[in-house]
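Taking this note's numbering, I'd label the letters of the sequence shown as residues 43 to 162. Cβ coordinates follow ideal geometry from the N, Cα and C atoms, glycine included. None of these values were measured; they are calculated from a predicted model. Okay, structure first, notes after.
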Amino acid sequence: MKKRILIVDDSFYMRTMLKNMLTDAGYEVVGEAPNGQTALQLAKETNPDLVTLDVILPDNTGLDVLKGIKQDNPDMKVIIVSAVGQEVIVNEAIEHGALAYIVKPFSEEKVLETVGNALK
């Protein structure tokens, strides 16, 4: 059975890029969210195996969304994907339950390796 992934990023281009990488690798993308509110709603509705989550969202911070996802479903796996490579944010995301952090721009190999490890 395919592993199901929810992609959260305000950039349509980034969502499309991640979706193409992940579907080509055999994952099922069950939803795409351009903002935090949609992300929380889709995480509840689709119950994905993994969420890729951008830190900077138009209506919310990725950290707030991470906290909301973990509050609803503590076991949901979340990977942070963001251009913001600040250690403070990375550490805070990990403290709140993110499994890994990928900094944009990223390589397909890096994304697939991180996603694969998270879903083991």
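Counting along the chain, Y69 sits inside no beta strand (DSSP E), nor does DSSP assign it H or E at all.
Within the same chain, and ignoring the five residues on either side of V120 in sequence, the residues whose Cβ sits closer than 7 Å to its Cβ are V93, L95, L108, I111, G139, A140 and L141. By the C-beta criterion, the stretch 121–134 is judged not to be in contact with the stretch 70–81, since fewer than 3 inter-stretch pairs fall below 8 Å.
Under the three-state reduction of DSSP, V157 is assigned to helix.
Here the C-alpha atom of G158 lies approximately 19 Å from the C-alpha atom of E74.
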